[in-house]
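Colleague:
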Amino acid sequence: MRRLVTDSIQKLRPYVAGKPLEELARERGVTDAVKLASNENPLGPSPRVVAAITQAAGDVHRYPDAEVFALRKQLAERLGVAPNEIVFGNGSNELLDLIYTTFATPSAHAVFADPSFVVYGMSALAHAVPHTTVPLRDHRHDLPAMLQAVQEHTSLVFIANPNNPTGSYVTRDELTSFLERLPPDVIAVVDEAYFEYATAEDYPDTLQLRGLHERLIVLRTFSKAYGLAGLRIGYAVAPPELCDFLNRVRAPFNANSLAQVAAIAALNDQDHLSRCRELNAAQLQRVERGLAALGLSVVPSQANFVLVELGRPAAPVFDALLNEGVITRLVPPLPDALRISIGTAEENTRLLAAMEKVLQ
Ligand SMILES: Cc1ncc(COP(=O)(O)O)c(C=O)c1O
């Protein structure tokens, strides 16, 4: 029989999502669990979003606005970019895939860090694109080493800033120097899924660095600080030439109608965004300190999660935390670490108490 898939797809393993609350209830009878596994916004969406999608629900028999006109206009104004410099996606995840489909082939090459967002590697395999992973250094992107990993055929370099699963970030100076040195042919993809959460003074807004490297794609999402993960909407900001090619390949209607109205409502409730950011900043500090007080090593984070090094295999701790009704996330490349999302004050109290109990 002819082979069904390429060698590359043969190597691919399905994405492992955070364990859903329903599954824990089914498997272990834990019905009051807290989910700190998928870097979601624990405050949920703005009430304005709920009102907007409720109102729009009766129109779901219509296809969405293929041009994403209203959201595009509003977002372009907010970001100070032209409307034709934005491409929307079914989550920024779809855009990562679309970037590979559009700009890479099996004779190209991609570079990204290890560990970083798993989709960079999954999509490379799905598209049979050879790739080089560059180990983090002290849990941070090693941008000089990533520059050295760029080869003649490299078409894509991915930088998650802040990085998932570490929460670490590259500074404005580091990114500036990287973009200035990156060969002009190479597309730099700066994935800012957690942009709205970052508070460090030297954390860069990559949209301000667009003059440094022409082939630059900035990815952002409504899934995290805006609390719309379930609706799947993210966007890329890139020069019109790149957007034009992405639009040729993109599936029609990939930004669904409820997501479009929800994203507009979310942008129009900046007070809610501020509350989400403030809660995260305060609780992040509390969780970092609380875990450190238990003798754990916590990587300083600019996102809405932390990477915790347990100094022992993480799987039994993960499992014991499940029994306490706290869902965290294993990080396969780091067998002694857990990734833990920042929850509400009450959820984090549960986490810290459960961790203390489990470690004893
Ligand atoms: C670094 C990074 N990029 C992209 C995504 C994808 O987000 P979404 O597809 O929900 O926009 C995530 C989600 O966890 C992420 O951590």
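Position 2 (the sequence shown) corresponds to 2 in my numbering; numbering is contiguous.
For glycine and all other residues, C-beta sits at the position ideal for the given N, C-alpha and C.
(1) Measuring straight from C-alpha to C-alpha, what distance separates Asn93 and Lys224?
(2) Classify Val186 as helix, strand or coil using the three-state DSSP reduction.
(3) Where does Gln260 land, buried or exposed, given buried means 16+ other C-beta within 10 angstroms?
(4) Helix, strand or coil: which one does DSSP assign to Val218?
(5) Using the Cα positions of Ala113 and Val119, report the straight-line distance between them to the nearest angstrom.
(6) Quick check on DSSP: helix, strand or coil for Phe88?
(7) Mind checking Gln283: buried by the 16 CB within 10 Å criterion, or exposed?
(8) Round the Cβ separation of Pro335 and Pro316 to the nearest angstrom and send it over; I've been treating them as touching at under 8 Å.
(9) Am I right that Val287 and Ile342 are in contact with their C-beta atoms under 8 Å? What's the rounded C-beta distance?
(10) How would you label Gly80, buried or exposed, when you count the other beta carbons within 10 angstroms and need 16 or more for buried?
(11) Ligand 1: which residues have Cβ under 6 Å from any of its heavy atoms, chain order?
(12) Considering Val118, what are the terminal residues of the beta strand (DSSP E) in which it resides?
(13) In terms of alpha-carbon separation, which member of Leu294, Leu322, Ala303 and Pro130 lies closest to Leu403?
(14) If you drop the 5 nearest sequence neighbours on each side, which residues of the same chain put their C-beta closer than 8 Å to that of Ala52?
Modeller: To lay it out plainly:
(1) If I take the Cα positions, the gap works out to 13 Å.
(2) Coil.
(3) Burial call: buried.
(4) The three-state reading of DSSP puts Val218 in strand, counting E and B together.
(5) Approximately 12 Å, taken between the alpha carbons.
(6) Phe88: strand per DSSP, three-state reduction.
(7) So Gln283 counts as buried.
(8) For a cut-off of 8 Å, the C-beta gap from Pro335 to Pro316 is around 11 Å, too long to register as a contact.
(9) Their Cβ separation, rounded to whole angstroms, is 6 Å, which keeps Val287 and Ile342 in contact under 8 Å.
(10) The residue is exposed, with fewer than 16 neighbouring Cβ atoms inside 10 Å.
(11) Taking each Cβ in turn, the ones that pass are Asn39, Gly91, Ser92, Asn93, Phe117, Ala160, Asn164, Asp191, Ala193, Thr221, Ser223, Ala229 and Gly234.
(12) Counting along the chain, Val118 falls outside any beta strand (DSSP E), though it belongs to the alpha helix (DSSP H) covering Val118 to Ala126.
(13) In the structure as shown, the chain starts at 1 and stops at 360, and residue 403 therefore has no counterpart that could be examined.
(14) Excluding residues within five positions, the ones whose Cβ falls inside 8 Å are Val261, Ala262, Ile264 and Ala265.
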